[in-house]
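Step one of this worksheet: look at the structure below.
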Amino acid sequence: MAAVTAGGPRAAALRLLPLAPAVLLLLAFFAGPIVWTVWASFTNAALTGAAAADTRFVGFANFARLLADPAFLDATVLTAVFLLASGVVGQTALGLVLALLARHRSAPVRGAVTVVVVGAWVVPEVVAGFVWVAFLEREGTLNALLGAVGAAPQNWLYTAPMLAVVLANVWKGTAFSMMTYAAGLAEVPTDLEEAARVDGAGRLQVLWHVVLPLLRRTLATTLLLVTLQTVQVFTLIYVMTAGGPGGRTTTLPLLMYQEALRFGDLGYGTAVALALLVVAGLFSAVYIRALRPEEVR
Amino acid sequence: MTRSVSSPSRAAASAAAHLALAVLAAAFLVPLLWLVFAAVDPRASLRARPPSGLTLDHFRAVLTPETVFVPVGNSLLLCGGAALVTVAASVLAAYPLSRYTLRFRRPFLYTVLFATGLPLTAIMVPVYSMFVQAGLLDSRFATMLFLAASSLPFGIWLTKNFLDGVPVELEEAAWVDGASAWQSLRFLVVPLLAPGMAVVGVFTLVATWGNFFVPFILLKSPDRLPAAVRVYTFFDQYGTVRYGELAAFSLVYTLPVVVLYLAVSRALGGRFALGGAMKG
């Protein structure tokens, strides 16, 4: 290191030079827009019309409008439902069940399950949307399957739109939870479980009292990552229902898109975006604390 | 599972687990079947059913410059460019972060890690506005740079971890022999870091290839749209009529990512490092 440290402030600046491209890109495309978000959410910035030419500071007007707007409250509730149903309950529970079931199975069985579940994960979001439209449409596969037992066909995207997007998101995202839980389970020492079994504990007792406590850290980090991922889902919902019918699947990202980019009300859309950023930022901060990475010394 | 022979309750439990796995795997597979069947079925519908015959007509119909070739070319430009920029900027940034004692290293790395958790969707409105004001809307180059910037936090993080695993002794020997930091980076570190760089590059390529929202917002001209957006406009126009072609187009768009993903996960040898991939 001595050869590099010697040479005074010029050498020090030279050492930092390699950071420049990354820092510039991040400032221009990440930090800049976030600062702008905070600023614009206090203005009446718009794409067209009088407000576009003369952007004024409007204080907390956008936020007051936001909180008084039933559309925003509905979207917040729908986002929470989508998050809880598809992220927390669906992906986490199903991922854990899959990881537990596949554990101790033969390599071919585990491989086959992984390929199928990860296959759904690797498919781009747009295509996942098509696949689920085809599955749930009136003419789709689900009705063909249900028709075999005599159920009347219906367009599930209209009759149960939230359930439809939740199912699609569970299908798409479970692989991630499954893989992290499988990795976490591989670290659980088997002799602990065997000792508990010898002492007369049942399967579920071992799972509840021995395995899950050891998995706590993995559970926490996975849950947070899934949360961050789920609150920002746009494409899947947009392709399947476009927020409809009648706003029944308009989560915050879709509301933000509609207000800001379709109706051109940037100030309002940005306030929605800021709400989303604040929520995600809090989760992200919790995530870093929970992770407490050894790499950052 | 030799133990299962000795105990009937274990055998039953194992059978139940296999059954449950089979049911779950089938549930994951069934929606996907439509994609494969409809693409080769001359009388494709929305229903997943064994094709009534085999045809490549749907592929022939979509493999035109307007539908597939130009958009896939745009995707290569956007995502390949973003991958190259991300890898280069990540290696450069990771080097001082891994090798020198810097006062701001901790806060910098925490900021980077924090940024990996921020929802890209939420900053798209301000980014759009910025692009409008700077006259960058509909620019493939600017969109490529934005995609690169959005992959950077994760790229820097991953690259730094890879670099920490490369022993510093070789470089110290090179410094003693009079090599500059730049020379040791170029001739020692980069070759040793190549697998890590490939992982970051492929990860960026796969993630940006699947990204629909960013190009959907930032690009407007039909001839500049990447495959992710073009396949959606195709669905929007013909989705309820030309099922076979939609499925064929989707497959053409999906397969490269699947192949790349498989290549990387094999290279990583089961070690899973692609957390949070496929953001949309």
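Line order of the protein sequences matches chains A and B.
So the first sequence is numbered by the numbering used here: it starts at 1 and just counts up by one.
So the second sequence is numbered by the numbering used here: it starts at 298 and just counts up by one.
We treat Cβ as the ideally placed atom computed from N, Cα and C, and that holds for glycine.
| query | result |
| --- | --- |
| Compute the distance between the beta-carbons of Thr141(A) and Arg539(B), then report whether it is under 8 angstroms. | no |
| Under 7 angstroms Cβ-Cβ, which residues of chain B neighbour Ser284(A)? | Phe411, Gly414 and Leu415 |
| Tell me the rounded alpha-carbon separation between Gly244(A) and Pro161(A). | 8 angstroms |
| Taking Val210(A) as the query, report the chain B residues whose CB atoms sit under 9 angstroms from its CB, ordered along the chain. | None at all; the shortest Cβ gap to chain B is about 17 angstroms. |
| If I follow the unbroken alpha helix (DSSP H) through Arg217(A), where does it start and stop? | Arg216 to Val231 |
| Check whether the Cβ of Ala570(B) lies closer than 8 angstroms to any Cβ atom in chain A. | In this predicted model, Ala570(B) has a pLDDT of only 42, less than 50, meaning its place in the structure is not dependable enough to derive any value. |
| Listing by chain order, which chain B residues have their CB less than 9 angstroms from the CB of Trp156(A)? | Result: empty, since nearest Cβ-Cβ is about 12 angstroms, beyond 9 angstroms. |
| Just reading off the alpha helix (DSSP H) that Ala120(A) is part of, what are its end residues? | Ala107 to Val122 |
| For the region 350 to 359 of chain B against the region 140 to 154 of chain A, do three or more pairs of beta-carbon atoms, one drawn from each stretch, fall closer than 8 angstroms, so that the two count as touching? | no |
| Return yes when the Cβ of Phe82(A) is within less than 8 angstroms of the Cβ of Val170(A), no when it is not. | no |
| Just how far apart, CA to CA, sit Phe569(B) and Val123(A)? | Caution is warranted here: a pLDDT of 42 is assigned to Phe569(B), below 50, making its placement in the model unreliable, and the coordinate value is therefore given only provisionally. Distance between the alpha carbons of Phe569(B) and Val123(A) is about 18 angstroms. |
| Have a look at Val278(A) and Ala80(A) and give me their C-alpha separation to the nearest angstrom. | 15 angstroms |
| Return yes when the Cβ of Val239(A) is within less than 8 angstroms of the Cβ of Tyr529(B), no when it is not. | yes |
| Along the region 503 to 519 of chain B, what residues have a CB closer than 9 angstroms to any CB found in chain A? | Val503, Trp506, Gly507, Asn508, Phe509, Phe510, Phe513 and Ile514 |
| Could you tell me whether the Cβ atoms of Val463(B) and Val561(B) are closer together than 8 angstroms? | no |
| Looking at Thr551(B): is its Cβ nearer than 8 angstroms to the Cβ of Ala379(B)? | no |
| Mind checking whether Leu19(A) and Pro393(B) have CB atoms under 8 angstroms apart? | yes |
| Would you say Phe82(A) touches the ligand COA, meaning its beta carbon is less than 7 angstroms from a heavy atom? | The ligand COA is not part of this structure, which contains no ligands at all. |
| Less than 8 angstroms between the CB atoms is what I'm expecting for Val113(A) and Ala102(A), so what's the real figure, rounded? | 5 angstroms |
| Which of helix, strand or coil does DSSP assign to Phe57(A)? | strand |
| Quick check on Thr440(B): does DSSP put it in helix, strand or coil? | helix |
| Since Ala545(B) and Phe428(B) are thought to touch, with beta carbons under 8 angstroms apart, how far apart are those beta carbons, to the nearest angstrom? | Incorrect: roughly 33 angstroms between the Cβ atoms, too far for contact. |
| With H, G and I counted as helix, E and B as strand and the rest as coil, what does DSSP make of Thr352(B)? | coil |
| Considering only DSSP beta bridges, list what Thr241(A) is partnered with. | Beta-bridge pairing links Thr241(A) to no other residue. |
| Using Cβ-Cβ distances below 7 angstroms, what residues of the region 333 to 360 of chain B are close to chain A? | Ser342, Leu343, Arg344 and Ala345 |
| Could you check what DSSP says for Thr92(A) in three-state terms: helix, strand or coil? | helix |
| Any idea what DSSP makes of Thr43(A), helix, strand or coil? | strand |
| Would you mind working out which of Glu187(A), Leu266(A), Val211(A) and Ala186(A) sits nearest Arg197(A), comparing C-alpha positions? | Val211(A) |
| Beta carbon of Ile34(A), beta carbon of Ile420(B): below 8 angstroms? | yes |
| Do you know whose CA, among Val97(A), Ala134(A) and Ala220(A), lies nearest Leu204(A)'s CA? | Val97(A) |
| So is Trp300(A) buried or exposed if we call it buried at 16+ other beta carbons inside 10 Å? | Nothing can be reported for residue 300(A), as the shown portion of chain A is limited to 1 through 297. |
| Pair every Cβ in the region 366 to 381 of chain B with every Cβ in the region 508 to 527 of chain B, then say whether three or more of these pairs are closer than 8 angstroms. | yes |
| Any idea if Ser448(B) is buried or exposed, counting beta-carbon neighbours within 10 angstroms, 16 or more meaning buried? | buried |
| Across the region 479 to 492 of chain B and the region 401 to 415 of chain B, are there enough close Cβ pairs to call them in contact, namely three or more that are closer than 8 angstroms? | no |
| Let's test the definition: count the other Cβ atoms within 10 Å of the Cβ of Glu187(A) and tell me whether it reaches 16, buried, or not, exposed. | exposed |
| Please name the residue, chosen from Leu460(B), Glu469(B), Ala445(B) and Ala491(B), that lies closest to Thr383(B) on a Cα-to-Cα basis. | Ala445(B) |
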